[in-house]
Ligand code: ARG
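In UniProt numbering, the protein residues as written are 9 to 467.
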């Protein structure tokens, strides 16, 4: 039989496969709360503007609350033949309140309806991401505080570069996740305009009050162009883009954890709560959560590329292609929130091995730059020459099988006669990190200042 929402001109119902490809209820049921909130705001506005009677609007508003509780208590029967969440809710409303239900869709289309539902949903996810990132930043700050002046190797090319502090390394992620957070804040601010009232695409002849519905749904203002309102999915793309960047950051730290927790590194010990064993190798403690977090970027970036590909080349305004937006965003959002929670737990529960870090910091000629800087500062060598002298000393230590501080003063003077005994002061890693006092540098005092700034902002 023909569809009861739009079947007026149809003699035949859809093919079963058409129903299967067309229906979105299987996933867009997740928008039920937003759909009902949007409809309630719309109904109240229709009454306030005299488009429907107060008694019809009251019946609609109350009926929608009944539908809401039916869904929330699991009594609601979702029907695929009713396509999507919008028609499922409206159909049930009609069963409950009868004729007045038919007035709800006055001055509205599913095009502005889905646009408002989805914006509300994505806006909530921005809030969830902001909260999740705040918790994660706090976990990193706590780690930084616990080992603010613990020395560890800093790497470039994953080769020992210069000693840094554990606190400094932890705080570097706070900066990254703070930028991620601000991306969600920006996206939220930009998306916070209400498309409801754009109707199908051109607006409506009914005397609606878009300011009223926008305010009722917590938007800053109504969207300014009805054609744009029903065809825009930038808000979802921005959410996905911000999610992708954030997932990339999660992936980078996850990779560090995988490396650091290995038997060869032993920089950190991951809690049993965030690791798994092997069914055959009794000694194993595998960093599965970190590995999965390293991988999750694939799904989130995949969703981002998928939606960009859907949207590119779509002529204005609404096309059914856009129904493909939801599953991508749902999956990306679920993945991101789970990832943020998992990383927050894992960071909170991990323990840095101070001694191992200190040993590693002192190996690999990590203070070679300090030595070169000393030659510049104390002996007045041009940096390029100091670099060369230091390189010769590193080669000497390497062939002697020792590190820089293990060379004798005589050996050093054999390379450059001006070198004095006080050079050994700068070859120690503690002095090395303490000397990096430039703003944002690794000196414990600088890191303490970073921590203090963030603790205030995160309080
Ligand atoms: N389920 C649809 C979607 O997600 C709702 C909008 C339908 N609009 C339409 N003109 N068919 O995009």
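Backbone N, C-alpha and C fix where the C-beta goes; we use that ideal spot for every residue, glycine too. Computed from a predicted model, the values in this text were never measured in an experiment.
*Excluding sequence positions up to five away, which residues of its chain have a Cβ less than 6 Å from the Cβ of residue 296?*
284
*With respect to the alpha helix (DSSP H) encompassing residue 60, which residues constitute its N-terminal and C-terminal limits?*
No alpha helix (DSSP H) contains residue 60, which DSSP labels as neither H nor E.
_Three-state class that DSSP yields for residue 410 in the structure shown_ = coil
*Is residue 124 near the ligand ARG, going by C-beta to nearest heavy atom under 7 Å?*
no
_Restricting to Cα atoms, I'd like to know which of 149, 106, 103 and 62 is closest to residue 352._
149
*asked:* Tell me the DSSP secondary structure of residue 291 in three-state form.
replied: coil
_Cβ pair residue 246, residue 198 closer than 8 Å_ = yes
*asked:* My assumption, with CB atoms under 8 Å, is that residue 355 sits in contact with residue 147. Please give the rounded CB distance.
replied: 4 Å
*Cβ of residue 125 within 8 Å of Cβ of residue 42?*
yes
*Can you give, in chain order, each stretch of the beta strand (DSSP E) that sits fully within the segment 208-282 and has at least 3 residues?*
none
*So, using beta-carbon positions, are residue 337 and residue 130 closer together than 8 Å?*
yes
*Would you tell me roughly how many angstroms separate the C-alpha atoms of residue 418 and residue 412, rounded to the nearest one?*
13 Å
*asked:* At a cut-off of 7 Å, would you count residue 119 as near the ligand ARG, judging by its Cβ distance to the nearest heavy atom?
replied: yes
*Identify, in the order they occur along the chain, each residue of the same chain with its Cβ nearer than 6 Å to the Cβ of residue 49, setting aside the five sequence neighbours on each side.*
221, 224 and 225
*Name the one or two DSSP bridge partners that residue 201 has.*
229
*Grab the span of the beta strand (DSSP E) containing residue 162 for me, first residue to last.*
159-164
*At 4 residues or longer, and completely inside the segment 367-426: list those alpha helix (DSSP H) runs for me, N to C.*
376-387, 391-408 and 417-423
*So, is the C-beta of residue 59 closer than 8 Å to a C-beta in chain B?*
Given the protein chain composition of this structure (a single chain), no chain B is represented.
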